[in-house]
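Shown next, in structure tokens, is the structure this report addresses.
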Ligand SMILES: C[S@@+](CC[C@H](N)C(=O)[O-])C[C@H]1O[C@@H](n2cnc3c(N)ncnc32)[C@H](O)[C@@H]1O
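Residue numbers (the numbering used here): 1 to 220.
Pasting the structure below:
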């Protein structure tokens, strides 16, 4: 098992990471490196590079340099950005760069062709429920013990992959006797499909399917 290396240019960010990671034995060997992400960045050869909520803090040339360095170093690259129109645009830009570097899109897209969303009309994003500490609640002025964090992402691999046939790109709408699924498909195209009770097992699967899941479910 290879250790994790975390790069950040801010010592307080590294210190906070170290503190959070201390509670997790799997992260005991993590290396914390102070390093500036920019044209001079080199990344050691590795299995996976994740770039999470960082592209939005960089200039356009530094974003490009980071994605290129990640593609050069890794077998797989995962980019995550806030699930906003701008975050989505940065993910698409990074996706294009990864494809140019010879990578294959593993998720969320079921294909490596151009995104079927007409620019400016919508943005591909998903949602993850994250727990809020009482400090979070105080700082953000919220009262719930969780929040639904919207994010956009792309996962790409150097080796060819077999992506899901389609992906659920909105929260499924469950109606009486039917489930409406908004799918991104291989064509590539966006399509709404209605799965009804008549579909039997597929209907039961649709009722258990979440926003962001592959469709149909693996093995189904
Ligand atoms: C929103 S935080 C995300 C942190 C972490 N990746 C995560 O997902 O929780 C963005 C981080 O990027 C770091 N950062 C911004 N510009 C940077 C640069 N040019 N070089 C290195 N780190 C940078 C900031 O110090 C900050 O810790």
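Beta carbons are placed, not taken as given, at the ideal position from N, Cα and C, and that holds for glycine. Predicted model, so just to flag it, every value in this text is computed and none were measured.
In the structure shown, residue 187 falls within a coil segment according to DSSP collapsed to helix, strand and coil. Beta-bridge partners assigned by DSSP to residue 194: 180. DSSP places residue 146 inside the beta strand (DSSP E), whose first and last residues are 146-157. In the three-state reduction of the DSSP assignment, residue 12 falls in the helix class.
In the structure shown, residue 86 falls within a helical segment according to DSSP collapsed to helix, strand and coil. Straight through space, the alpha carbons of residue 101 and residue 17 are spaced by roughly 31 Å. Within the chosen limit of 8 Å, ligand 1 does not reach the beta carbon of residue 169 with any heavy atom. By DSSP's assignment, residue 79 forms a beta bridge with 51 and 154. Look at residue 130 here: in three-state DSSP terms it is strand.
With a threshold of 8 Å, the Cβ atom of residue 128 does not count as near ligand 1, since no heavy atom of the ligand is closer than that. Each residue's CA atom was taken as its position, placing residue 42 and residue 157 some 19 Å apart. By the Cβ-count criterion, residue 160 is exposed, with fewer than 16 other Cβ atoms from all chains shown falling within 10 Å of its own Cβ. In this structure, the beta-carbon distance from residue 105 to residue 90 does not fall below 9 Å.
Sequence-distant partners of residue 53 (beyond 5 residues in either direction) whose C-beta falls short of 8 Å from its own C-beta, in its chain, are 80, 81 and 82. Spatial neighbours of residue 68 in its own chain (CB-CB distance under 8 Å, excluding positions within 5 residues in sequence) are listed in chain order as 97 and 101. By alpha-carbon distance to residue 71, the top candidate from 108, 61, 51 and 14 is 51. Between residue 189 and residue 108 a beta carbon distance of about 15 Å is seen, past the 8 Å cut, so the two are scored as non-contacting. Residue 174 sits exposed, since fewer than 16 C-beta atoms from the chains shown fall within 10 Å of its C-beta. Contact check for residue 211 and residue 127: beta-carbon distance about 6 Å, within the 8 Å limit, so the pair qualifies. Shown here, residue 31 sits in a strand according to DSSP, grouped into three states. With distances taken between CA atoms, residue 35 lies nearest to 9 out of 9, 57, 49 and 56.
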